Structure formats: structure tokens, C-alpha cells
Amino acid sequence: MLTFWFDKNRRIVHYISCFWGWHYFLVNPFWKFEIEGRENIDPNKTYILIANHASYFDILAMYGLFRQFKFVSKETIFKIPLIGWNMYLNQYVKIKRGNMSSIKEMMATCRHWLKQGASVMMFPEGTRTENGDFLPFRAGSFTLSLELGIPVVPIVIYGTYEVFPKNRNSIHVFQPIKVKVLPPMDPKDYEGKPGKMKDDAVTAMLAVHDDLRRKNAVAIGSGEKPERLVGTSKK
Numbered sequence: 003m004l005t006f007w008f009d010k011n012r013r014i015v016h017y018i019s020c021f022w023g024w025h026y027f028l029v030n031p032f033w034k035f036e037i038e039g040r041e042n043i044d045p046n047k048t049y050i051l052i053a054n055h056a057s058y059f060d061i062l063a064m065y066g067l068f069r070q071f072k073f074v075s076k077e078t079i080f081k082i083p084l085i086g087w088n089m090y091l092n093q094y095v096k097i098k099r100g101n102m103s104s105i106k107e108m109m110a111t112c113r114h115w116l117k118q119g120a121s122v123m124m125f126p127e128g129t130r131t132e133n134g135d136f137l138p139f140r141a142g143s144f145t146l147s148l149e150l151g152i153p154v155v156p157i158v159i160y161g162t163y164e165v166f167p168k169n170r171n172s173i174h175v176f177q178p179i180k181v182k183v184l185p186p187m188d189p190k191d192y193e194g195k196p197g198k199m200k201d202d203a204v205t206a207m208l209a210v211h212d213d214l215r216r217k218n219a220v221a222i223g224s225g226e227k228p229e230r231l232v233g234t235s236k237k
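Residue numbers 3 to 237, in this note's numbering, belong to the letters of the sequence shown in order.
Below, the structure written as C-alpha cells:
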């Protein structure tokens with residue numbers, strides 16, 4: 003709190019949060035945490051960061067980027083002791099799922115931060131997957147990109163679902179976790195075509211996610227090469 007009077011955008015608080023989140027991966031030697039493509043996020047530029055969402059551990063993984071951004075998170079997370087307080091201190095963006103007025107307020111807050119030069123971090127699926135497959139992406143992040151002329155940076159997270167999936171109370175301690183940052187998508191290439199921008203982002207992210215799964219399968223000797231389909235479950 004001592005920094006608030008000169009740190010209006012909470013940059014220092016966010017970096018402290020990054021160290022806090024990152025240390026969880028350090029304390030467990032069995033989580034091999036890797037980030038590829040961090041250079042695709044220029045710390046001097048503003049972006050709309052998007053990532054697939056499979057676990058609460060995705061938040062910790064994004065902290066490992068050590069880049070400035072404002073998380074967009076569901077309202078209930080802000081009510082969790084310590085974690086919620088941290089969200090408020092960072093001035094992250096809250097949303098109540100299924101509430102149209104809350105969605106409009108979230109979009110307005112994101113516009114505010116983006117115009118101030120602060121990147122935002124969104125999970126376009128809107129919630130965590132229950133089976134590891136991608137859920138359909140929502141259009142909000144792409145609409146903002148075209149409206150404000152700010153690039154979208156797709157980020158693929160692999161391994162967090164296996165560590166701590168939705169509807170499971172135990173944590174798996176033996177698991178590689180990989181984050182791959184893809185090149186920014188220029189909104190000028192998609193003027194008037196938010197749907198195509200979304201489809202291209204999903205296609206690129208799925209391809210990378212499947213590749214990471216295949217490599218992990220080979221590494222553990224299973225040879226499994228399943229495909230991931232948006233909005234479907236593997237039978």
C-alpha cells in the first residue's frame with residue numbers, strides 16, 4: 003500500500019504478484035515449468051493477452067510471464083481471502099458470468115485500462131474446461147482489439163489441467179507445464195472481421211496445444227496422439 007500514491011496503475015504490486023505466483027512452481031521440483039515465446043510480448047507495448055483456461059493454476063502460469071497486465075476474472079475469485087484482496091489491490095477486472103450489465107462494465111473497464119496503456123489478460127472460454135478440451139471462445143477480446151486497434155497475443159497453456167483440473171480437490175505433483183506465447187495478431191489484418199480473427203486464434207492455439215500434448219505423450223512413452231476439438235470431448 004505504501005506504493006499506491008506514486009504507482010497509480012499498480013505496476014509494482016503486479017510484479018510482486020508475479021513473484022508470488024512464480025514461486026509455487028519453484029517449490030515443487032516435479033513441476034517442470036517452461037515458457038517459450040516471451041519475447042512476443044514487448045514490455046513497452048499494449049496488448050490483449052488471451053489464453054486457454056483449464057485450471058486455477060493458469061493464473062499462476064500467467065504470472066510467470068513477468069509482463070504487466072490486468073487480469074479479467076470472475077467476481078467470486080475477488081471474494082476469496084488473500085487471493086481476492088490481491089486482485090483488488092492490483093485493480094484487476096471482475097466479471098459476473100451471465101450478467102449482461104456486468105459484462106458491459108467489464109468491457110468498459112478493459113477499454114479504460116487499454117487506453118491507459120495497460121495490457122489486459124482474458125480467458126476467452128469464460129470458464130475452466132471440465133475435460134481438458136478447448137471450449138468455444140467468446141468474442142469480447144477480439145471485438146476490443148478491432149475497436150481499439152490493439153494486437154491480440156494468443157497464449158497456449160499445457161499441463162495445468164493435469165495438475166489441478168476442475169471438480170478435483172487433489173493436486174498432481176508430477177507434471178510438466180508449458181506456456182507458449184504466439185506472435186501478436188495485427189487487428190489491421192482483420193478489419194470488420196472479428197469472427198475470422200477469433201477462428202484464426204483458436205486454430206493456431208489448438209495446433210500448438212495438440213503438438214505439446216503429443217510431445218509430452220512421446221516423452222512419457224505412451225505414444226498417445228489424441229486430437230483436441232473445440233467444444234467436444236474425446237470419446
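Quick reminder that beta carbons are idealized off the backbone N, C-alpha and C, glycines included.
It should be emphasised that the depicted structure is a prediction, and the values quoted were computed from it without experimental measurement.
Reference residue i; option with closest CA among the options
i, options, result
"tryptophan 115", "Leu214, Gly128, Arg99 and Asn92", "Asn92"
"aspartate 44", "Phe71, Gly134 and Lys198", "Phe71"
"methionine 207", "Ile152, Phe27, Pro186 and Cys20", "Pro186"
"valine 122", "Leu51, Lys217 and Arg170", "Leu51"
"threonine 162", "Asn46, Val204, Thr131 and Asp213", "Thr131"
"tyrosine 244", "Val181, Thr145, Arg216 and Gly151", "Here the chain covers residues 3 to 237 and nothing more, so residue 244 does not appear."
"phenylalanine 21", "Glu36, Ile97 and Arg69", "Arg69"
"phenylalanine 139", "Thr111, Lys200 and Tyr17", "Lys200"
"threonine 145", "Ile14, Ala110 and Tyr94", "Ala110"
"lysine 198", "Ser147, Leu214 and Glu36", "Ser147"
"alanine 53", "Ala209, Leu214 and Phe125", "Phe125"
"leucine 67", "Ser57, Lys81, Asn42 and Ile85", "Asn42"
"asparagine 169", "Asn133, Lys106, Val175 and Phe73", "Asn133"
"aspartate 188", "Leu150, Leu214, Lys81 and Val175", "Leu150"
"isoleucine 82", "Pro196, Val204 and Tyr58", "Tyr58"
"asparagine 46", "Ser103, Ala120, Ile105 and Asn171", "Ala120"
"leucine 214", "Tyr17, Ile14, Glu36 and Val15", "Glu36"
"phenylalanine 40", "Ile157, Lys117 and Thr205", "Reading off the sequence, residue 40 comes out as arginine, not phenylalanine. Out of Ile157, Lys117 and Thr205, Ile157 has the C-alpha closest to the C-alpha of arginine 40."
"alanine 141", "Ala203, Arg216, Ala209 and His16", "Ala203"
"leucine 137", "Tyr17, Thr205 and Ile105", "Thr205"
CB-CB length for residue i against residue j, believed under 8 angstroms
i, j, result
"isoleucine 179", "lysine 34", "7 angstroms"
"histidine 55", "glutamate 127", "5 angstroms"
"glutamate 38", "valine 155", "Going by Cβ atoms, the distance from glutamate 38 to valine 155 rounds to 13 angstroms, so no, they are not a contact pair."
"glycine 23", "leucine 62", "4 angstroms"
"tyrosine 49", "proline 153", "6 angstroms"
"asparagine 88", "serine 143", "About 23 angstroms; that fails the 8 angstroms criterion."
"valine 175", "phenylalanine 27", "With 8 angstroms as the limit, valine 175 and phenylalanine 27 do not qualify as a contact, their Cβ atoms being about 12 angstroms apart."
"tyrosine 90", "phenylalanine 73", "Tyrosine 90 to phenylalanine 73, Cβ: 12 angstroms. No contact."
Counted within 10 angstroms of its Cβ, other Cβ atoms place residue i as buried (16 or more) or exposed
i, result
"isoleucine 173", "exposed"
"aspartate 60", "buried"
"alanine 221", "exposed"
"arginine 12", "buried"
"aspartate 135", "buried"
"valine 29", "exposed"
"histidine 211", "buried"
"leucine 231", "Because leucine 231 sits at a pLDDT of 37, beneath the cut-off of 50, its placement in the model cannot be relied upon, and the following sentence gives the value as read from the coordinates. Leucine 231 should be labelled exposed."
"isoleucine 97", "buried"
"threonine 129", "exposed"
"histidine 25", "exposed"
"glutamine 177", "buried"
"isoleucine 14", "exposed"
"methionine 108", "buried"
Closer than 8 angstroms: residue i CB and nearest the ligand COA heavy atom
i, result
"methionine 123", "With respect to small molecules bound, the structure shown includes none, and the ligand COA cannot be examined in it."
Practice task
Mind the definition here: the stretch 72–81 touches the stretch 175–194 only if three or more C-beta pairs lie below 8 angstroms; say whether that holds.
Solution key: no
Exercise for the section: May I have a chain-ordered list of the alpha helix (DSSP H) segments no shorter than 4 residues that lie completely inside the stretch 79–130? Expected result: If one requires a minimum length of 4 residues, the alpha helix (DSSP H) runs lying completely within the stretch 79–130 are 85–91 and 102–117, in chain order.
Handout entry: Those runs of the beta strand (DSSP E) which lie wholly inside the stretch 174–230 and span at least 3 residues
Key = 177–183
Problem - Complete beta strand (DSSP E) runs within the stretch 11–83 (minimum length 3 residues, chain order) - result: 33–38, 50–53 and 72–76
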